[in-house]
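Here is the structure we will look at, set down as structure tokens.
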Amino acid sequence: MGNDRNLPSHVGIIMDGNGRWATNRGLDRTHGHREGAAAVRRAVRTARAKGLRALTLYAFSEQNWGRPGSEVHALMGLLQDFLVAERDEILGNGIRLRAIGNTSRLPMLARSLLDGLVAASKDNQGMTLTLALSYGGQEEIVEACRQLAIRVSNKEIDVSDISVAAFRKEIPSLDVGEPDLIIRTGGDFRISNFLLFGAAYAELHFTDVLWPDFGEADIDEAIAAFQKRERRFGGVGGLHRPHHGA
Ligand code: FPP
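Here my numbering = 1-based position in the sequence shown + 52.
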């Protein structure tokens with residue numbers, strides 16, 4: 053166990069390596085995703101037990117629609133299973149579920165299960181679990197631009213009102229605050245279109261562990277590494293995250 057001092061409040065995870073986990077064992081990639089879903093359950097429990105305020109999981113990127121149909125279908129099935137199987141656990145533990153991304157692209161069943169659980173858990177005060185589904189960080193930024201442009205053209209705001217603070221209010225992934233720590237499993241050193249705007253000052257932690265093998269000890273390691281870093285937010289030390297005003 054790491055110490056509780058300076059615990060990251062919001063942690064984002066890029067869950068990579070399901071395919072390789074399966075291929076290494078001579079199994080179908082789908083099998084890796086199934087084990088990946090089990091790792092999601094563990095991660096949610098662990099994050100909650102450690103007292104994180106928010107956990108954002110990159111479950112399906114906008115670009116993942118380009119995978120073979122059978123793999124997309126399997127991932128959607130696992131999402132649906134997760135939403136059914138974890139319903140009681142989420143509601144019983146005060147977890148607030150939300151989703152970011154273009155969820156209108158999800159199959160109807162997945163979407164209705166998701167919408168139902170998001171609505172049922174909306175007043176929960178414990179950890180917020182955000183599933184990034186059909187999500188892309190660039191897409192999220194472009195949508196924010198579109199929203200601000202609409203408000204300018206409706207004369208609700210002036211061009212000069214567009215600031216970092218105004219912009220960030222249009223970024224749904226930041227409703228739970230900027231990520232303090234972003235973890236990527238699977239050995240690659242990329243951000244892969246995850247939480248781009250909010251990642252500005254996030255600490256990044258990369259591990260070779262493949263997502264299906266990721267467990268409590270790995271979360272502890274990532275948190276311990278975070279706690280050792282000195283965050284300066286562009287300053288010279290001893291500073292806190294800059295505030296951009298209201
Ligand atoms: C990356 O592994 C993982 C994904 C594309 C999806 C993540 C999905 C899950 C963890 C399971 C289902 C999710 C929920 C919320 C129940 P990869 O296939 O890119 O692995 P590779 O790089 O080894 O090919």
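By construction, the Cβ of each residue, glycine as well, lies at the ideal position given by its N, Cα and C atoms.
Residue environment analysis places Val261 among the buried positions, since at least 16 neighbouring C-beta atoms fall within 10 angstroms of its C-beta. A direct Cα-Cα distance of roughly 32 Å separates Gln199 from Val96.
If the five residues before and after Leu233 are omitted, its C-beta is found closer than 7 Å to the C-beta atoms of Pro60, Val63, Ala254, Glu255, His257, Ala274 and Phe278, all from its own chain and listed in chain order. Leu109 is positioned such that its CB atom lies no closer than 8 Å to that of Leu169. Around the CB of Arg284, fewer than 16 other CB atoms lie within 10 Å, so the residue is classed as exposed.
For Asp80, the CB stays at least 7 Å from every heavy atom of the ligand FPP. Sixteen is the threshold: since fewer than 16 other Cβ atoms of the shown chains lie within 10 Å of the Cβ of Ser156, the residue is exposed. Arg77 carries a coil assignment under DSSP once its states are collapsed to helix, strand and coil. For Ser244, the closest of Ala151, Ser113, Asp213 and Asp80 by C-alpha to C-alpha distance is Ser113. When Gln132, Asn154, Gly178 and Ala172 are compared, the shortest CA-CA separation from Leu161 is found for Gln132. Rounded to whole angstroms, the gap between the alpha carbons of Ile271 and Thr98 is 8 Å.
Between the stretch 204 to 218 and the stretch 177 to 194 there are fewer than three C-beta pairs closer than 8 Å, too few to call the two in contact. Closest in alpha carbon position to Gly153, among Met128, Glu191 and Pro159, is Glu191.
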